[in-house]
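To start, the structure itself, in structure tokens.
Numbering (my numbering), first residue to last: 3 to 397.
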């Protein structure tokens, strides 16, 4: 007769100490995550984690009992892929995410094509506005060319607490605000810029050129990587390329670039010359002569035509001080002028006081709790923010 004390226990709580430790750690991390997010409804899912590790009322790994090796193999791959997608989804949302530098605006600090691993914990991650989306796709599924997210449900804008706050000159990744409305065939520039440049009626009546007009929620707008120069409570102004914060001229950041018009004697700047200067391939292609109205623009700016009745090549190049000195020494360069702003594009708000990238402001960046007396003079600066981003009216 067997000894009753030697009978094997079969209770659901009779698991190894290791399993109890795993369950405790996972449940503790989950509770801390819920406290951080501030949505305590998620506590309803806590029993599921406990069941996975301890009680096992639900046969989570039922497929492991199959004797068919093909079923086992397919189930293993499916389990691994689903777990990986869920893990990547939450890691990208709340911890860190990789981005690729799309333009040369931060050249010399970050290069076109560089991959960034951006910490979201530093300044606090944003809770997604569109939680149901395909991982690793910003707004469009490749090949299928359809939306990578489902528009409903949409959660309100909320940012969690981070380890630090944004400071002057920090490099940050953000969603381009004016990217809320775009055309499907021309996403850059945005819809508002296209309407300003071509006219709203022209954009709406030429779907073959611009495509459909679509709206994107905040978290599905294009990612931009820029350097922060102004913070809430600051007054920003740019005078002749010099940045002023609260009336104080700011020190030039190492590697700062300005745009120049570079004229040659008829010979184009070679690839080797560009390489020695340090100009990216994207920026090498910008010949003002090739613009639709390039010759007229050069005539208007006082550029003389050569004996053949044509203009010599005129490049628009972003150059650091070091690169500028190298360009001056090129044997085929005969003239260098700082960009006059005629082809730099409009700046926000369009047409307001003829602001440009080099002469902008002053503009006050509101801080929380601040009051701004609105009038006809400053209304164009804040109207879009009040209507589109805060959801308020001006009536």
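Cβ atoms here follow ideal geometry from the backbone N, Cα and C, with glycine treated the same way.
Contacts around residue i, its chain only, beta-carbon distance under 6 Å, and the 5 residues preceding and following it disregarded
| i | result |
| --- | --- |
| residue 252 | 245 |
| residue 237 | 248, 364, 366 |
| residue 239 | 246, 363, 364 |
| residue 117 | 100, 102 |
Other residues of its chain near residue i: CB distance less than 8 Å, five sequence neighbours each side excluded
| i | result |
| --- | --- |
| residue 178 | 192, 223, 224, 225, 226 |
| residue 194 | 180, 183, 352 |
| residue 3 | Any answer about residue 3 is weak, because its pLDDT of 45 lies below 50 and its placement is not dependable; what the coordinates show is given next. Excluding sequence neighbours, residue 3 sits near nothing in its chain. |
| residue 216 | 183, 184, 185, 186 |
| residue 176 | 225, 226, 228 |
| residue 8 | Model confidence at residue 8 stands at a pLDDT of 47, short of 50, so the residue's coordinates are unreliable and nothing is read from them. |
Check whether residue i and residue j have beta carbons under 9 Å apart
| i | j | result |
| --- | --- | --- |
| residue 55 | residue 33 | no |
| residue 100 | residue 137 | no |
| residue 316 | residue 263 | yes |
| residue 219 | residue 358 | no |
| residue 135 | residue 154 | no |
| residue 384 | residue 368 | yes |
| residue 82 | residue 65 | no |
| residue 320 | residue 261 | yes |
| residue 51 | residue 25 | yes |
| residue 197 | residue 205 | yes |
| residue 232 | residue 170 | yes |
| residue 164 | residue 122 | yes |
| residue 318 | residue 350 | no |
| residue 234 | residue 372 | yes |
Reference residue i; option with closest CA among the options
| i | options | result |
| --- | --- | --- |
| residue 40 | 72, 382, 128, 21 | 128 |
| residue 322 | 279, 189, 381 | 279 |
| residue 166 | 289, 30, 206, 125 | 125 |
| residue 343 | 242, 382, 172, 254 | 242 |
| residue 230 | 259, 274, 269, 168 | 168 |
| residue 16 | 71, 58, 213 | 58 |
| residue 324 | 250, 49, 257 | 257 |
| residue 221 | 161, 172, 209 | 161 |
| residue 341 | 388, 37, 303, 310 | 303 |
| residue 255 | 21, 172, 91, 308 | 172 |
| residue 379 | 354, 389, 388, 397 | 354 |
| residue 60 | 361, 14, 387, 332 | 14 |
| residue 339 | 394, 382, 300, 156 | 300 |
Close-in-space but distant-in-sequence residues of the same chain around residue i (CB under 7 Å, 5 per side omitted)
| i | result |
| --- | --- |
| residue 119 | 98, 100 |
| residue 470 | Residue numbering for the chain in the displayed model covers 3 to 397; residue 470 lies beyond these limits and cannot be assessed. |
| residue 139 | 150 |
| residue 45 | 36 |
| residue 361 | 240, 241, 242 |
One or two residues paired with residue i in a DSSP bridge
| i | result |
| --- | --- |
| residue 143 | 148 |
| residue 121 | 98 |
| residue 135 | 151 |
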